[in-house]
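The sequence shown runs 1 to 468 under our numbering.
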Amino acid sequence: MSERKFVPQAELDRQFSICDQLKKEIEPRGLTFYVETFGCQMNVRDSETIKGILTNIGYGEAPDKEHADLILYNTCCVREHAEKRLMGNIGALKELKEANPGLIIGVCGCMMQQEGVAKKLLRRFPHVNLVFGTHVLHRLPEMLAHVFAGDRLAMTGEEDFAIAEGLPQLRDNPRSAFVNITFGCNNFCTYCIVPYVRGRERSRDPEAIRAEVAALCASGVTEITLLGQNVNSYANDLESGSFAELLSLLNDVPGLKRLRFMSSHPKDLNDDVIRAIRETDKVCHHVHLPVQSGSNAILRRMNRRYTREQYLEIIRKLREAVPDIEFTTDIIVGFPGETEEMFHETLSLVEEVGFAAAFTFAYSPRNGTPAARMEDQIPEDSKKRRLYELNDLQAQKTVENNQKYIGYTGELLVEGCDDRGTETMLYGKYQNFKMVYFPGDPSLLNRYVNVRVLRAERNSLIGEQIHG
Ligand code: 5AD
Ligand code: SF4
């Protein structure tokens, strides 16, 4: 049943020993790296692994790219504008390279897995030393050894993408961490490039996930976000187990306070998962449930394999089971063939559900995906207008959603602070993902505090800390 492949321990050991050798050279020279990450949480998590490996090689982290000896861009290719931006960014590094000829420039991530891109990039930008894809992160020590020997190289990995366990990681946040549970995707939504660049879905073993979560919590992490393109199909490629069982397995890890997950695919969010959210005490009452469209005709063309009615039924069941649950979503407007009427079905769904927040996108054709070849592509100006209209509606719905919280008190994990002139405003989230701002001391960063919501401003909730 399971066709998963793992990177053999001997290969990982070989890479670790290259790290040890490189460290002898790098560390005494005080060299630093700068990693810039584009795209989704998967990429953020991959960058943590890359930074962990670079640290093992003896690099320190630079405050910005101007002071770095190694610059790495971790790329995204989900939408086209990311690509254009990246090309501009890489071009701009030429000046830094001229000022510091020893500077190493690398480009990695999803975009490099697209056919021909890695080689094209090396040709087009002579100042780039290294290009690699998402499947060969564990070989970074070996790749860098080649670069130090004067080579320029592109490595993307072929078929049979293997899972590499036990790689190092360097994370910024001491309280909150991402943990991969699946890699890749089997869904082939017709607009989406991810299955082509991240490969077929592979689940990690539940024991490996639990061990990683336990180690993170032992080191002070209290909030874990499980990552997968579709977390609900976790374990479909294993002999046994399910996403619902995984939630229960992780719920009692000592030190864990909040267990989050993303993204959920509506076609696989079953009653067992709903029960697990209700019956576990650490699983947060928030589901990021991308709907993509409110029109059945478009959902069919997108190959989403659920209907508007089925989507609304999941929302209804989750609200019934877990009354304080909040939903966020992803929506694409201007998918090929989307008529005004179909677009209005999306608006009416947004009206009906009342998402806490929505990430909205104009459809962007991706080479190699079925939707890019469909007829009835929508003109850019119509896509833009629909996007504005949708964003306007969601902004109203966010305001409405915020009103519910006035007077509410709950525990907030403080995530950041904004200096607003005379006052420092801290912000953080309740367990159900609602964000609140409140005046407070930056020493509260990464701590849990009780906050009461006093009022709602246009986009945000404002509260005050409650002591005792
Ligand atoms: N065009 C626009 N949006 C897209 N997404 C994925 N592919 C495309 C595309 N080709 C959006 C989807 C997905 C989110 C991560 O990005 O809404 O859920
Ligand atoms: Fe892309 Fe669909 Fe897979 Fe999400 S579920 S990564 S949208 S193919």
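Note that CB positions come from ideal geometry on N, CA and C, so glycine has one too.
Beyond the five residues adjoining it in sequence on each side, Asn-74 comes within less than 8 Å, by CB distance, of Val-35, Glu-36, Thr-37, Phe-38, Gly-39, Asn-43, Asp-46, Ser-47, Ile-50, Cys-108 and Gly-109 in the same chain, given in chain order. The continuous stretches of beta strand (DSSP E) do not include Lys-5, and DSSP gives it neither H nor E.
Annotation for Lys-429: the continuous beta strand (DSSP E) segment containing it runs 423 to 429.
A residue is called buried when at least 16 other Cβ atoms come within 10 angstroms of its Cβ; Gln-114 meets this threshold and is buried. For Met-374, the closest of Arg-316, Phe-335 and Val-451 by C-alpha to C-alpha distance is Phe-335. As DSSP reads the structure, Pro-439 sits in a beta bridge with Met-425. In the DSSP assignment, Asp-381 falls within the alpha helix (DSSP H) that extends over 380 to 403.
When only Cα atoms are considered, Ile-104 and His-265 end up about 39 Å apart.
Taking C-beta atoms as the reference points, Ile-18 and Pro-168 fail to come closer than 8 Å. Counted as a single uninterrupted DSSP element, the beta strand (DSSP E) harbouring Arg-420 occupies residues 409 to 420.
Take the alpha-carbon of Ile-53 and the one of Arg-171: they are about 12 Å apart.
By the beta-carbon neighbour count (other beta carbons within 10 angstroms, threshold 16), Ser-443 is exposed. The stretch 428 to 441 makes contact with the stretch 455 to 468, as at least three CB pairs between them are under 8 Å. Ser-176 carries a strand assignment under DSSP once its states are collapsed to helix, strand and coil. In the three-state scheme derived from DSSP, where H, G and I count as helix and E and B as strand, Asp-237 is classed as coil. When DSSP states are grouped into helix, strand and coil, Met-302 belongs to the coil group. For Phe-16, there are no CB contacts under 7 Å within the same chain when 5 residues up- and downstream are skipped.
The residue among Ala-456, Asp-441 and Glu-351 with its C-alpha nearest the C-alpha of Ile-406 is Ala-456. DSSP places Leu-93 inside the alpha helix (DSSP H), whose first and last residues are 80 to 99.
Of the candidates Arg-447, Asn-446, Gln-465 and Leu-445, the residue whose Cα lies closest to the Cα of Val-453 is Gln-465. Boundaries of the alpha helix (DSSP H) around Asn-251: 243 to 251. Between Val-231 and Met-262 the beta-carbon gap is near 7 Å, inside 8 Å, which marks them as a contact. Comparing C-alpha distances from Arg-319 to each of Asp-271, Pro-439, Asn-187 and Lys-84 shows the shortest one belongs to Asp-271. Tyr-311 carries a helical assignment under DSSP once its states are collapsed to helix, strand and coil. Within a 10 Å sphere around the beta-carbon of Asn-129 sit 16 or more other beta-carbons, which makes this residue buried. The ligand SF4 never approaches Pro-336 closely enough for any of its heavy atoms to be under 7 Å from the residue's Cβ. Boundaries of the alpha helix (DSSP H) harbouring Asn-56: 41 to 56, taken from the DSSP string. Pairing Arg-308 with Leu-349 gives a Cβ-Cβ distance under 8 Å. In the structure shown, Arg-458 adopts coil according to DSSP, grouped into three states. The C-beta distance from Leu-246 to Ile-224 rounds to 12 Å, too long to fall under 8 Å, and the pair is not in contact. Three or more beta-carbon pairs separated by less than 8 Å link the stretch 352 to 372 to the stretch 191 to 199, which places the two stretches in contact. Going by DSSP, Thr-346 is part of the alpha helix (DSSP H) stretching over 340 to 353. Around the beta carbon of Pro-206, 16 or more other beta carbons sit within 10 angstroms, so the residue counts as buried.
In this structure, the ligand SF4 has no non-hydrogen atom nearer than 7 Å to the beta-carbon of Gln-310. Residue state for Gln-465 is assigned as strand, using DSSP reduced to three classes. Val-194 has its CB nearer than 7 Å to a heavy atom of the ligand SF4.
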